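Okay, structure first, notes after.
Residue numbers (the working numbering), protein chains in the order written: chain A, 32 to 473; chain B, 32 to 473.
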């Protein structure tokens, strides 16, 4: 297999064993980008010379016998709303055509100091919030969206251009592209991973996460970010209690999404899991609307700098968000926070002897046609507002050959336990071998 | 009166009326800095040429008849944990000796686009969180602390070097220095003012606020930041219902702090306010501990980049915060969040016909002696965790001639109403005329 097609965890092992150099890995990824970029358009900034320079620096560390971080040598894409010290950060906005913040975002600094090869900046919905869309296409069909707002990160990992990448989620910007691009994703519990240096849109919602091609990949980064709580015992699927949650927004499901959820449930059941329907308490019916209100009201302050500095080139939907401030309703916002607070405590309380993990859609269906849309975040917003960890796992192919995944959700701050559960469930839910996937791509 | 001694609102009016140029204002502030800096040491970065250049740019706007922002021409200090496009941001840390982020933090961008003259960077406790202290001294007595972590911002405004400055608060870093430096401060409701580009320590707690020398000054910036909800009717102190809240941490009060609270209450009562003791519900007894836990656990992720990149020069207290991650207790953290959530809703619910505003200590007493301490944040942490707006108002002088203020607190997102109440109460609580103050300083 070409190095670029390796999952991160396998590449990391080969690099550690000196069976693969970081430069070889980097060159393979660059070749893949060259071959595919005209179609997939995942990158807003990519400097091959810089990539190779950094790769050789990492190889020197290996050669010197220095202590190697868990991500040593892994090419890592960075959504272009996240700052990088040695590359521009444009937020895909004409307001920031060539901004160089000169400092790594916290997540980039942590990845870099854990040995990651920061590869380039991936295309994104403007500000990860609205305005113009990414130019990136779905690796499985260029007439379809890769999802968004983490469009380029999802497409780059899905297209085997890099094994891992950072995304962000405020509504469904991280987990939904995972579903559309046939890849794995972790959206960690809110506040566990520093979001400093990632464009701010909503304090309560914005979350930095990462993509990989296996759960083992996601765990590599979880180790680098020291996610609690370690260590986790190995999980057995037999007897695992899975709550099948259609969620209060089930009315928005599409046939492909319904099939993915049903397939995952059946596969788990066949492997001995105890799958039981999970109806969320009535208060959760208001969560999608509460998320929208919180996102809009928190955004009204977050985008004021651009409103004052660059009104004529500000996207109308972001402009409207700032102008909400004029009719701000404190009582409604307080009610939305209070609803979310109550649901968080209720949700965490569901877990215990009767429930290990929640299985729920990662997207309404497969990737919609067209690049004017990034798909519908409705199946993600509730979990974002709950601030709980979510893991996306690939599941099925739709009738038109596009992937559709599901997500597993756990209680707040049990991220490593959720990853351990996902690692046990992944080979069952995602029963198409990794190598088979690439043959489907151009 | 020298221009540097003017409150911001008065200077802004004179500048708007072309009775004072921004350059004259800037030169007056620079003269004051020159005269006092050897003692007060408020600044980590101050470039007089840059200040004068920017001042002349602002004067050109005035001369051109352009629309002027609410802060037009007002010299504004910036705590050095907040990014500035044209100055370094060191966080008072040897880890970032000369970092130039090349981009304004959101609050700086908003102030700049509202006409503020970004004056320089003020000294701070390292990262606004721990490690080394600022070198700044209290303008009223150089052997005493100006408080912290917003040490330089508090001292610079208190010493009449600039009329306004930004601070931040995670525990009591913004309101407490106001009390020690005889100035006014607003800590806005959490999430209303973007904290993007201000050093992150705790997502739930970190809040950007500003200092001024009158409530009218605070309102100027509130207008620039479009704080809801406008417009507010004028408030009458007669009949105003004031809850006198000693708070669950009253055991930590000092005689000066007790006298300030009592004096404010008596003065308000004499002016016709209805002052009644307010005992917070029992759950609030746990808020101080909950704040400490949330601050520590959220900080464990926030400081991981420095831990990985610069461990040998990392302050031991910050290092310990990161290492907490090893014994992370999800259940305890969830319980702390749940307690805070419940108290927030309860607190907001206290306001109505029976309660207009809460009066409570801004600090245990006056500024302690020595620069090894920044004083005790115990009377601030509860309100920070409640995410409610707080306004500091000067109140008394202690036996040793040092100022001690109080704070007024309102429900979340009613920041403008709180400012309106503070504007009515300030002349009663703070009954020492502004001009009299400066004669007390060197």
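The beta-carbon is built from N, C-alpha and C at its ideal position, and this holds for glycine as well.
Quick caveat, the model's predicted, so the values are computed rather than measured.
Check	Outcome
Does residue 466 (chain B) have its Cβ less than 7 Å from a Cβ in chain A?	Below a pLDDT of 50, predicted positions are generally treated as unreliable, and residue 466 (chain B), at 49, falls in that range; no measurement from the model is reported.
Using a Cβ-Cβ cut-off of 7 Å (strictly less than) and excluding sequence neighbours within five positions of residue 466 (chain A), which residues of its own chain qualify?	With a pLDDT of 49 at residue 466 (chain A), under the threshold of 50, the predicted position of this residue should be treated as unreliable, and no value is reported.
Let me see if you follow: with CB-CB separation under 7 Å, is residue 38 (chain A) close to chain B or not?	no
Starting from residue 238 (chain A) and walking both ways along the beta strand (DSSP E), at which residues does that stretch end?	238 to 243
Quick test of your reading: residue 355 (chain A) and residue 328 (chain A), contact by CB under 8 Å. State the CB separation rounded to the nearest angstrom.	7 Å
Where does residue 175 (chain A) fall in DSSP's three states?	strand
Which residues, in order along the region 217 to 232 of chain B, keep a beta-carbon less than 7 Å from a beta-carbon of chain A?	222, 223, 224, 225, 227, 231
Quick test of your reading: residue 426 (chain A) and residue 459 (chain A), contact by CB under 8 Å. State the CB separation rounded to the nearest angstrom.	Their Cβ separation, rounded to whole angstroms, is 10 Å, which puts residue 426 (chain A) and residue 459 (chain A) out of contact at 8 Å.
When you compare the CB of residue 444 (chain A) with every CB in chain B, is at least one pair closer than 7 Å?	yes
Hey, residue 375 (chain B) and residue 417 (chain B) are a contact pair by Cβ (cut 8 Å); roughly how many whole angstroms apart?	6 Å
Near residue 258 (chain B), which residues of its chain fall below 7 Å by C-beta distance, leaving aside the five closest residues on each side in sequence?	219, 223, 446, 447
Using 8 Å as the Cβ pair cut-off and three pairs as the minimum, do the region 147 to 159 of chain A and the region 98 to 108 of chain A touch?	yes
Measure from the C-beta of residue 260 (chain B) to each C-beta in chain A and report whether the shortest distance is under 7 Å.	yes
Beta-carbon of residue 140 (chain B) versus every beta-carbon of chain A: anything under 7 Å?	yes
At which residues does the beta strand (DSSP E) containing residue 165 (chain B) begin and terminate?	No beta strand (DSSP E) contains residue 165 (chain B), which DSSP labels as neither H nor E.
Between residue 346 (chain B) and chain A, is the shortest Cβ-Cβ distance under 7 Å, so that the two count as touching?	no
Which ranges would you report for the beta strand (DSSP E) in the region 345 to 430 of chain A if only whole runs of at least 3 residues count?	388 to 392, 421 to 428
With a CB to CB cut of under 8 Å and the five nearest residues on each side skipped, what residues in its chain are close to residue 121 (chain A)?	75, 76, 111, 127, 128, 129, 130, 152
Examine chain A for any beta-carbon lying closer than 7 Å to the beta-carbon of residue 361 (chain B), and answer yes or no.	yes
Report the option in B:268, B:119, B:250 whose CA atom is closest to the CA atom of residue 81 (chain B).	B:119
Can you grab the Cα-Cα spacing for the pair residue 307 (chain B) / residue 389 (chain B), in whole Å?	10 Å
Quick one: is residue 369 (chain A) near chain B, going by C-beta distance under 7 Å?	yes
Have a look at residue 393 (chain B) and residue 140 (chain B) and give me their C-alpha separation to the nearest angstrom.	29 Å
At a CB-CB cut-off below 9 Å, which residues of chain B make contact with residue 145 (chain A)?	339
List the endpoints of the continuous alpha helix (DSSP H) containing residue 152 (chain B).	Premise fails: residue 152 (chain B) lies in the beta strand (DSSP E), 148 to 153, not in any alpha helix (DSSP H).
Quick one: is residue 428 (chain A) near chain B, going by C-beta distance under 7 Å?	no
Three or more C-beta pairs closer than 8 Å, one from the region 259 to 277 of chain A and one from the region 299 to 316 of chain A: is that the case here?	yes
For residue 84 (chain B), does the three-state DSSP call read helix, strand or coil?	helix
Tell me residue 74 (chain A)'s beta-bridge partners as DSSP assigns them.	A:153
Identify whether residue 305 (chain A) lies in helix, strand or coil by the three-state DSSP scheme.	strand
What residues of chain B sit near residue 203 (chain A), judged by a beta carbon separation below 9 Å?	Within 9 Å Cβ-Cβ: nothing; residue 203 (chain A) doesn't reach chain B, min ~20 Å.
Given residue 352 (chain A), which residues of its chain have a CB within under 7 Å of its CB, disregarding the five upstream and five downstream residues?	327, 330, 331, 334
On a Cα-Cα basis, can you pick out the residue from B:442, B:435, B:253, B:278 that is closest to residue 382 (chain B)?	B:442
Taking 8 Å as the cut-off, does the region 173 to 184 of chain A touch the region 397 to 415 of chain A (at least 3 CB pairs, one atom from each stretch)?	yes
If you drop the 5 nearest sequence neighbours on each side, which residues of the same chain put their C-beta closer than 8 Å to that of residue 409 (chain A)?	203, 280, 283, 319, 395
Residue 158 (chain A) by DSSP, collapsed to three states: which one?	helix
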